[in-house]
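Residue numbers for the sequence shown follow the numbering used here, beginning at 10 and rising by one.
In this text, a Cβ means the ideal position worked out from N, Cα and C, and glycines have one as well.
This report concerns only the one structure given below.
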Amino acid sequence: MISSRASRPCCRARAARSFSTGNKRFSGFTHQGRCRVMPALMLINGQNAIFWHADTMNDNTLQTFPLSPLHVAVVGAGISGLSVAWFMAGQGMTVRVFESGERVGGKIRTLGQNGALFEAGPNTLMAGDAHLAWLAELGLQVEYPSAQSRHRFVLSQGRYRRLPGGPGALLFGDFFSMGAKWRMLSEPFRRNRPATRPETVAGFFRRRLGDEVLAKAVNPFVGGVFAGDPEQLLIDETLGVLAEVERTAGSISGGMLRKALKGGMQRRNTYSLSGGLESLPRALARTLDVRLSCPVTALRPSGAHWQVEAGGQSHLAEQVVLALPAFGAARLLEEIDAEAAAAFAAIRYAPMTVVVTRLRCTQVMRPLEGFGGLNPAAEGAFAAGHLMTGALYPGRCAEGEMLITSFVGGAQYAAHAALADEELLARLNRELADLFGVEGEACGQVVVRWPEAIAQGSVEVLAARVAAKRLAARGIHVCASFLDGVSVPDCMDKGKKLALQLAGASPSLP
Ligand SMILES: Cc1cc2nc3c(=O)[nH]c(=O)nc-3n(C[C@H](O)[C@H](O)[C@H](O)COP(=O)(O)OP(=O)(O)OC[C@H]3O[C@@H](n4cnc5c(N)ncnc54)[C@H](O)[C@@H]3O)c2cc1C
10 MISSRASRPC CRARAARSFS TGNKRFSGFT HQGRCRVMPA LMLINGQNAI FWHADTMNDN
70 TLQTFPLSPL HVAVVGAGIS GLSVAWFMAG QGMTVRVFES GERVGGKIRT LGQNGALFEA
130 GPNTLMAGDA HLAWLAELGL QVEYPSAQSR HRFVLSQGRY RRLPGGPGAL LFGDFFSMGA
190 KWRMLSEPFR RNRPATRPET VAGFFRRRLG DEVLAKAVNP FVGGVFAGDP EQLLIDETLG
250 VLAEVERTAG SISGGMLRKA LKGGMQRRNT YSLSGGLESL PRALARTLDV RLSCPVTALR
310 PSGAHWQVEA GGQSHLAEQV VLALPAFGAA RLLEEIDAEA AAAFAAIRYA PMTVVVTRLR
370 CTQVMRPLEG FGGLNPAAEG AFAAGHLMTG ALYPGRCAEG EMLITSFVGG AQYAAHAALA
430 DEELLARLNR ELADLFGVEG EACGQVVVRW PEAIAQGSVE VLAARVAAKR LAARGIHVCA
490 SFLDGVSVPD CMDKGKKLAL QLAGASPSLP
C-alpha cells in the first residue's frame, strides 16, 4: 500500500512518498515535482521492490513504489467508472478505480426495509440485446416488470390519464385535442423551418408538433427521464436521434419510419435485476482493483505520466479517466487546465429527492394500473412523478403491502426537492391521498436526497465537450454522465467505447 510521510525539516522539498501501480512497487521521494529513487538498501520481495532510504526520511520507514505505472487510473466507482474499468481489465490493462465513498455504484443504490426491496436512484434499465448479453456474462439475472407496466399515465387537469399507447389510441382517444392530432398527422408534410442552433427540446417540439404536444407529453417525459426543463435542455444532447432523423429525412415520423424499415432501430425494453440494480456495479467491481473511501484529491503531471493523489498516497498512471460528476472533475482540473475546470463547473445538475412509501394495499383506494404517472409542470403538482414500484416487480414487498416511489424535484420542481423532511412529507402525503386515494398513515417512508442528481444537457455542455477533447490529448479522459447520455445503459456504452479506444492506443500493452 501507499503512504505519504512528512519529511524532516531540512528536506521539505523532498516530501517522501511512495507510488504504487499494478502489483509492482518501488520506493523513493519526490523532489521539485519529479520522482527520484535513492535506496540505501533494496529488498526484492516477490513482485515488489522495497527500498530503505534513510537519508531522505527521518523515521527509516520502508516505502514501496511501483516498478511500472498503471495503464489507467479511474476516478469514481459509479456505473461509468466501473464499466470502463471492467472492459479495460478485460483488454489486459492494469487499472485501479478510486472511489471517495464507502460503496460502489454511485447513484445506483438498492435499499431494503421490513422485507421490501427498492431503489433510491435509478429504478429501471432501458436495455438492448448487447446490454443483456453483458448482464448475462456478469452472472446477473434480469427481472421483467409485470404486464401492467406498459401502461403509462400523465396528469391532466388533476387526474391521471393513460398515455395513448399506439396510433389508434392517439387518433381516436381524447388525450389530445383535434388541433394537436392534426399537427401530429401533418408532421411528415410540414416544411422544415430552419432550426436555430443550438436548439432546445421545447423549440424543436414546438416547431414540429406544436405547444399542446410539448406541454402534455414532452414536458412530463423530459421531467421524468432527464429531470429536466425542455426550455433548457438541448435537443441534440437529450433526444439527438430525433434531431438527426429530422435533419436527414425532413420529418420526425418519416425519418423514424425509414429508420425502422432499414432495421436501424435498436429494440430496447425496460428491466431490473434480481436483488436490485445495485447488483450490477457490485458484479462489475468483483474482479477489479477498487479502492473505497479513497477520494482523489489532485492530479499532477509527472513526466509522461499522471500522478494521482488519493487517500493520502500517490499512484502513477499513463492515463486517467474522470468518471465522477462534473463539479468534482472541475476541482481536480483547476491546476491542470483552468478553462476546462470552468467549463465543467458550469454544468448544471437538477436535484431530486426520492421518497419510497410503504403502504398496506387496503390503504390505497385508487392505485394506478400501470408503470406510474408523470406530472407536467403546468399541472402544478408537488412531485415530478410517482412509480407503482411494488406492482412492477412482484416479490419486492411484503405480502399485502405495496410501494410507491415518488420523485420530488428535477429542474422544474427544484424548490420542492430542497424542503425539509417534515414539510416535504406532509405535502407529498397530501398528493398521494389526492391522486391515489391513500388513507391513513404509511407503514414506512424512506427519504433519499440527491442534491446533484442528474446532469443537464443544456448549453453549458457544448464548452465542456470541447474541453474534454483537449484533455483527452493529454491523457485525461471523461467517461461520465454529464457528457453524451445520463442513463445507466448510456454510461455502460460510453465505458465500453472508451476502454476499447484506450486499449488500442496504449503503447505499453503487448
Ligand atoms: C433519482 C435518480 C433516478 C434515476 N433514474 C434512472 C433510471 O431509471 N434509469 C437510468 O438509466 N438512469 C437513471 N438515473 C441516472 C443514472 O443513475 C446516473 O446518470 C448514472 O448512474 C450516473 O453514473 P456515473 O457513474 O456517471 O456517476 P455517479 O453514479 O455519480 O458516480 C460517480 C462516483 O464518483 C465518486 N466520486 C466523486 N468524487 C470523487 C473523487 N474525488 N474521488 C473518487 N471518487 C469520487 C462518487 O462517490 C460516485 O460514486 C437516475 C439518477 C437518479 C439520481
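Looking at the DSSP output, Y280 shares a beta bridge with L134.
Its chain contains A349, A350, F353 as the residues whose beta carbon lies nearer than 7 Å to that of L342, once the 5 sequence neighbours on both sides are disregarded; these appear in chain order.
For E461, the uninterrupted beta strand (DSSP E) segment begins and ends at 453–464. In the DSSP secondary-structure assignment, M361 is bridged to G418, W459. Taking all protein chains in view, the Cβ of L180 is surrounded by fewer than 16 other Cβ atoms within 10 Å, so the residue is classified as exposed. Here the alpha carbon of E196 sits roughly 54 Å from the alpha carbon of L79. Closer than 7 Å to some heavy atom of ligand 1: that describes the Cβ of L134.
With respect to the 8 Å criterion, V250 and P239 are not classified as neighbours on the basis of their beta carbons. Here E255 is buried: its Cβ has 16 or more other Cβ atoms, across all protein chains shown, within 10 Å. If only complete runs of 4 or more residues are kept, the region 462–496 shows the alpha helix (DSSP H) at 469–481, in order along the chain. With respect to the C-alpha of G453, the residue from V365, F96, M397, L433 having the closest C-alpha is V365.
Take L242, set aside five residues on each side of it, and the residues of its chain with a beta-carbon closer than 7 Å to its own are T209, V210, V231, F235, Q465, G466, S467, in chain order. One alpha carbon belongs to S415, the other to G285, and they sit about 18 Å apart. Inclusion of T279 and M135 in the CB contact set at 8 Å is warranted, their separation being smaller than that value. Within the region 375–419, the complete alpha helix (DSSP H) segments of 4 residues or longer fall at 398–401, listed in chain order.
Contact between the region 426–443 and the region 398–408 is not established, with fewer than three Cβ pairs separated by less than 8 Å. M102 is the residue among L368, M102, A292 whose C-alpha sits nearest the C-alpha of L509.
Residue burial annotation: D493 is buried, with at least 16 other C-beta atoms found within 10 angstroms of its C-beta. With a minimum length of 3 residues, the unbroken runs of beta strand (DSSP E) contained wholly in the region 118–168 fall at 119–122, 125–128, 134–136, 161–165.
Under the DSSP assignment, T103 falls outside any beta strand (DSSP E); it carries neither an H nor an E label. Leaving aside the five residues that flank G124 on each side, the residues in its chain whose CB is nearer than 6 Å to its CB run, in chain order, A407.
Within the region 301–373, the complete alpha helix (DSSP H) runs of at least 4 residues fall at 335–342, 347–354. Buried is the label assigned to P290, since at least 16 other Cβ atoms lie within 10 Å of its Cβ. Straight through space, the alpha carbons of G233 and H140 are spaced by roughly 22 Å.
Taking 8 Å as the cut-off, the beta carbon of L507 is found closer than this to the beta carbon of V330. Restricted to the region 166–221, the beta strand (DSSP E) segments that are unbroken, complete and at least 3 residues in length are 168–171, listed in chain order.
Less than 8 Å divides the Cβ of V106 from the Cβ of D298.
Using a cutoff of 7 Å, the CB of F235 does not count as near ligand 1, since none of the ligand's heavy atoms is closer than that. With contacts defined by Cβ atoms closer than 8 Å, F391 and H425 form a contacting pair. If you look at A294, you'll find it in the alpha helix (DSSP H) that goes 288–294.
Relative to ligand 1, the beta carbon of S496 is positioned inside 7 Å of a heavy atom. Here the alpha carbon of Y169 sits roughly 9 Å from the alpha carbon of R161.
Proximity of the beta carbon of P334 to ligand 1 is indicated: a heavy atom of the ligand is located closer than 7 Å. Rounded to whole angstroms, the gap between the alpha carbons of E378 and S158 is 8 Å. Under DSSP, the beta-bridge partners assigned to L79 are A326.
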